[in-house]
Every structure is written in C-alpha cells, then in structure tokens.
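What follows is a set of notes on a single structure, which appears directly below.
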Amino acid sequence: MSEQRKQTDERRAVVVGAGMAGVQTAVALREQGYEGPVTLIGAEPHQPYDRPPLSKAVLLGTAESSAFDVDFEALSVDLRLGLEVTGVRPGDQELDTEAGPVPYDVLVLATGAEPLTLPGADGVPGVHLLRTLDDAARLRPVLDRKRHIVVVGAGWIGAEFTTAAREADCQVTVVEAADRPLAGALPAEVATPMAHWYAQSGAELLTHARVAGVEPGRVTLADGRELAADAVVVGIGARPATAWLAGSGIATGPEGAVTADDRLRASWPGVYAVGDCASFPSARYGERLMVHHWDNALQGPRTVAADIVGESHEPYDPVPYFWSEQFGRFVQYAGHHARAGTLLWRGDPASAAWSVLWLRDGALVALLTVGRPRDLAQGRKLVAAGARIDTERAADPAVPLKLTAL
Ligand SMILES: Cc1cc2nc3c(=O)[nH]c(=O)nc-3n(C[C@H](O)[C@H](O)[C@H](O)COP(=O)(O)OP(=O)(O)OC[C@H]3O[C@@H](n4cnc5c(N)ncnc54)[C@H](O)[C@@H]3O)c2cc1C
Numbered sequence: 029m030s031e032q033r034k035q036t037d038e039r040r041a042v043v044v045g046a047g048m049a050g051v052q053t054a055v056a057l058r059e060q061g062y063e064g065p066v067t068l069i070g071a072e073p074h075q076p077y078d079r080p081p082l083s084k085a086v087l088l089g090t091a092e093s094s095a096f097d098v099d100f101e102a103l104s105v106d107l108r109l110g111l112e113v114t115g116v117r118p119g120d121q122e123l124d125t126e127a128g129p130v131p132y133d134v135l136v137l138a139t140g141a142e143p144l145t146l147p148g149a150d151g152v153p154g155v156h157l158l159r160t161l162d163d164a165a166r167l168r169p170v171l172d173r174k175r176h177i178v179v180v181g182a183g184w185i186g187a188e189f190t191t192a193a194r195e196a197d198c199q200v201t202v203v204e205a206a207d208r209p210l211a212g213a214l215p216a217e218v219a220t221p222m223a224h225w226y227a228q229s230g231a232e233l234l235t236h237a238r239v240a241g242v243e244p245g246r247v248t249l250a251d252g253r254e255l256a257a258d259a260v261v262v263g264i265g266a267r268p269a270t271a272w273l274a275g276s277g278i279a280t281g282p283e284g285a286v287t288a289d290d291r292l293r294a295s296w297p298g299v300y301a302v303g304d305c306a307s308f309p310s311a312r313y314g315e316r317l318m319v320h321h322w323d324n325a326l327q328g329p330r331t332v333a334a335d336i337v338g339e340s341h342e343p344y345d346p347v348p349y350f351w352s353e354q355f356g357r358f359v360q361y362a363g364h365h366a367r368a369g370t371l372l373w374r375g376d377p378a379s380a381a382w383s384v385l386w387l388r389d390g391a392l393v394a395l396l397t398v399g400r401p402r403d404l405a406q407g408r409k410l411v412a413a414g415a416r417i418d419t420e421r422a423a424d425p426a427v428p429l430k431l432t433a434l
C-alpha cells in the first residue's frame, strides 16, 4: 500500500447532505478504494432518495418511493439522518450539529439547494413548494381533490408539476412574471413554442403576470386580477443551501454557491463542495458554472472521491446535461449555450419532435432536443469533442447528427 493511500485511510471523511451528491460521494469513495471512516449526515429523516421522481411518478402516486438502492451498512458508511449541521469551524476541523460537534479530516459539502419562497406567502395555508419527499406527500392529496391550483413560475418545476396536475385532472393556472416559460434558461425563440404546450394540456398560462399577494383561497396579481386557488404551488427557483456556512471562512459566490476550484475543492484545505450547492470554473466554457441538475450531482462526486483518494487530480469540466418530462414530451439538454453565436433549428418546433443546436465559431456547444433522444446522445458527444459541424446537413433532421461532424 502506498504511503499516500495509507495516510488517506486514516482520515475521517464527513459528507454533509444526504441527497444525490452526498450519497454518490460516499459510494464513490468506497468504489475508489477509500478505506477510512465515512460519515454521511443528512437533515431529512427519510432514507436518502432521488428528487426527479418527486415531480413525476411519486407526485402522481405511481411510485411510492424513490429511495436510492444503496446498502450503506455494507459500504461501512455511517449514515446519520435527521441531523442538521448548523455550522463548521474549518480551523478546528469540526462541524456543529444539533447532536454536538463532529470532527473531520476531509469534509465534503453536498447540501444541495433550497427553493425560493414567495414573499408574504410563507405559512399561508394551501401554499406549497416542491423540493422534498414531504412536499410531494403533501401535494398528492391536493391532486386527488382535483381542485383549482395556481402554479407560480413556468420554469422546469412549474412545467412538470402542471403536467402532473393536468394528468390528475386538476384545473391549473400558471402565473409567470416573464413573457414566456423558462425565461431564465432558454432564449425567447426556443422557449416561446413551449408556451403552447401549456394550452394543449388544458392549463392556462398567464405571462407578464406578477403575484402581488397570496391569501387562503386566492392569489392577487400586480395588475389587480384575482385568481381563485384551492392550492398554490410555488416554483420560482432555488438557491444553494449554504446559509449555515456563514462566518466559517469558506468562500461562497454572489448566489450563495460554494466557489470550488476545478477539482471541486473549496477555499479551505481538505474541504470539497459538490452538486447543487457548488459552483466550479469550466475551462470548456470559459466561465464559472452553477449547475442545478441531477447529472452534475452524479458526476461531480467521482472527481471529489478521486481527488481525496489521490488516484487522480483531473479537473472537473463536464458537458452539463439534464432532462425534463413535461406535457408528454421528453426534453433533453446538453452543453452550455450562454456564449453561442448561432442557433440552428433541426425540425419544426410546432411538431412533436425537434432539436435546436447552438454553435460557436462553427463548433457545437449545446443542444436541446424534444422527443429526439438520438440527437441528444450523438450531439452530446460532439459537444464534448468540441466538433465543428456542417450546418446545412445538421439542419436536416433526417441526417444523423453524428454524420454532420466536419
Ligand atoms: C422536484 C424536482 C424534480 C427534479 N427533476 C429533475 C430532472 O428531471 N432532471 C434533472 O436533471 N434534474 C432534476 N432535478 C434536480 C436534481 O434533483 C438536483 O440537481 C439534485 O437533487 C441535486 O443533488 P444534491 O445532492 O446536490 O442536492 P439535494 O438533492 O438538494 O440534497 C441535499 C441534501 O442535503 C440536506 N441538507 C441541506 N442542508 C443541510 C445541513 N445543514 N445539514 C444536513 N443536511 C443538509 C438536504 O436536506 C438534502 O437532503 C429535480 C429537482 C427537484 C426538486
């Protein structure tokens, strides 16, 4: 056994946050041969679970649970659930918890994100968020009652919740402050066609509509309109759950994300950050990325574990990927289009299946696909390779995307 590995084995690794990123970190540490003690601390009382099904099968009741299929005991991971970490003192290498201090040698921050709340709506009966298993459990009977629901925010969560609520035969009005759905994520020409999906599903989408107040049974808009609401579901975004780091000296950015380096190391030695709570510099895209999607919480932990174990110090520079299931459509995205110069359609956005490609200096940097998983799979590889593509051929949806590389 190498001297380095021996040293590694004696260190106590503590992971804070038992969501996807935290669980995957514990698993990856063991997979990569880490033999020291691993403690995984999670604030929620439930067996660690996957979040995407919460706005899909779990919400509709077609799946009871989305618990991860991980045998923590067999992995010798000390799983401490229902325990909130309230602070960290990196100088002392100690966490503060409700159950007393927890010492560590290596610390991984994986506390995810928490949903933004609507000002003035906190504690109003009938107002819901959708982030946790408990949130989904509270929303299930709301769907069963088939009443009128007002959804605030036409983002990813708003779209998926609306899909489920329409499937459950609820009357749904979606209130969106911007002029279109997904305004923060996609340019107007891509998101505007998606607005029709709401109407096609039987939901009403009100754009340019800002909520002024919420009271039991009613939502008031800034223009004075009043909407009857047996329930209100707020999906207006999420912020990294890092308030507990305040005063610790661990650096966070303007949106609260732990500003990790390209190996996901935080600003203190021996401290890492991964998943929704972190941001990292991407050489591929020339900017710092904060990715709030499942695949990032799956991939990042492998980099963290490899760096801790000392097996590899490769930078973390993924092609971000996510999917969304909404209005009977499978939407997928890979890459990062912020600095793309050219947008190229591949198919008609009014049809059931189409893709849109983003290029920069002739190279494919991102793509969004609707009902075209093959485009996504092939395009993702082209993005990863930084491939230049033949735009004329790529605009023809009959030509396999992989055959358009120059
Ligand atoms: C309803 C829903 C649907 C989604 N659907 C999709 C999808 O279709 N596709 C996709 O790509 N992504 C989807 N996502 C996003 C994806 O689930 C997240 O990116 C992923 O869960 C992030 O994992 P994480 O471990 O970083 O954070 P989280 O899953 O948020 O886990 C963090 C955990 O840390 C715990 N924690 C926080 N603070 C503390 C503390 N101080 N002490 C102890 N524990 C703490 C939290 O309780 C939580 O359990 C969805 C998210 C939601 C909410």
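With the first letter of the sequence shown counted as 1, position 7 gets the number 35 in this note's numbering; the numbers rise by one all the way through. Glycine residues also receive a C-beta, built at the ideal position from the N, C-alpha and C atoms. Bear in mind that the values here come from a model prediction, so they are computed numbers and not experimental data.
With distances taken from CA atoms, which of Pro343, Ala391 and Val347 is nearest Ala412? Val347
Hey, Leu107 and Leu68: beta-carbon distance below 7 Å or not? Here Leu107 is near Leu68, since their CB atoms are less than 7 Å apart.
Measuring CB to CB, does Cys305 end up less than 7 Å from Thr270? A Cβ-Cβ contact shorter than 7 Å links Cys305 with Thr270.
What is the DSSP secondary structure of Ala381, reduced to helix, strand or coil? coil
From Thr114 to Glu72, what does the alpha carbon distance come to, in whole angstroms? One Cα belongs to Thr114, the other to Glu72, and the distance between them is close to 14 Å.
Quick one: what's got a C-beta closer than 8 Å to Asp163's C-beta in the same chain, skipping five residues either side? Leu82, His156 and Leu157
Would Ala219 and Arg194 be called neighbours here (beta carbons separated by less than 7 Å)? no
Is it buried or exposed, Asp251, if we count other Cβ atoms within 10 angstroms and call 16 or more buried? exposed
Is Ser340 helix, strand or coil when you go by DSSP? coil
May I ask which residues mark the beginning and end of the alpha helix (DSSP H) holding Glu188? Trp184 to Glu195
Pair within 7 Å by beta-carbon distance, Asp418 and Leu434: yes
With a CB to CB cut of under 6 Å and the five nearest residues on each side skipped, what residues in its chain are close to Ala285? Cβ within range, chain order: Pro268, Ala306, Ser307 and Met318.
Should Pro488 go down as buried or exposed, given a rule of 16 or more other Cβ atoms within 10 Å for buried? Since the first and last residues shown for the chain are 29 and 434, residue 488 lies out of range.
Out of Ala223, Pro169 and Ala333, point me to the one whose CA is closest to Val51's CA. Per the Cα distances, Ala333.
Contact check, Leu123 vs Val44 under 8 Å by CB: the rounded distance? 7 Å
Taking DSSP as the reference, what is the three-state secondary structure of Asp376? Coil, per DSSP.
Residue span of the beta strand (DSSP E) that contains Tyr300, given as start and end: Val299 to Ala301
Verify the contact flag: Phe350, CB atom, against every heavy atom of ligand 1, threshold strictly below 6 Å. Flag set: Cβ of Phe350 near ligand 1.
At a cut-off of 6 Å, would you count Ser379 as near ligand 1, judging by its Cβ distance to the nearest heavy atom? Checking the Cβ of Ser379 against ligand 1 gives no.
With hydrogens ignored, establish whether the beta-carbon of Val113 is closer than 6 Å to any heavy atom of ligand 1. Val113: yes, Cβ under 6 Å from ligand 1.
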